[in-house]
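I have placed the structure first, in the form of structure tokens, so that the comments after it can refer back to it.
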Amino acid sequence: MHTVFRICEMKPIEDGIWEVELKLTLNDDEQLKILSNEIRKEIGVGTGWDRLGTLLVKMGELNKAEDIYKTLFSLTRDGDWQMLAHLNNQLGYIMKQKGDLSAAIAFYQKTLEIQQK
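Positions 584 to 700 (the working numbering) are the ones given, in order, by the sequence shown.
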């Protein structure tokens, strides 16, 4: 696991500057394991960028998530049908959440076309 610190205490010093006391967590920290497992369950599996997109959607950062998925789309090989279907589906969901139903339908239709191949 990467280096992780726990915030123990925060106190303002002056003019918007804060003093933050950090404590290094251990590799076998039970609370950190529980948190990591919950995040994995919530976000799921996939590449790092795909998981970031999922996290951004869950946080309501739809424009940022859209940028991530469009970037992934441009980097995905034409023959990787499973990933292309997934990305179209994710973009469809984002468009639906943003209220752009015609774009959402177009992405969902593309997903279906890919899956039927």
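Positions of the beta carbon are idealized from the N, C-alpha and C atoms, including for glycine.
Note that the structure is a prediction, hence the values are computed from the model and not measured.
- No Cβ-Cβ contact shorter than 7 Å links Ile651 with Leu638.
- Residue range Gly631 to Lys641 is occupied by the alpha helix (DSSP H) that includes Val640.
- Asp611 counts as exposed, since fewer than 16 other beta carbons sit within 10 angstroms of its beta carbon.
- Comparing C-alpha distances from Lys681 to each of Trp664, Gly599 and Glu649 shows the shortest one belongs to Glu649.
- For a cut-off of 8 Å, the C-beta gap from Lys616 to Phe588 is around 16 Å, too long to register as a contact.
- A straight line joining the alpha-carbon of Gly662 with that of Gly599 spans about 52 Å.
- Counting other Cβ atoms within 10 Å of its Cβ, Gln699 stays below 16 and is therefore classed as exposed.
- Looking at the DSSP output, Val603 bridges to Met593.
- Beta-bridge pairing by DSSP links Phe588 to Leu607.
- Between Leu674 and Ile697, the gap from beta carbon to beta carbon reaches 7 Å or more.
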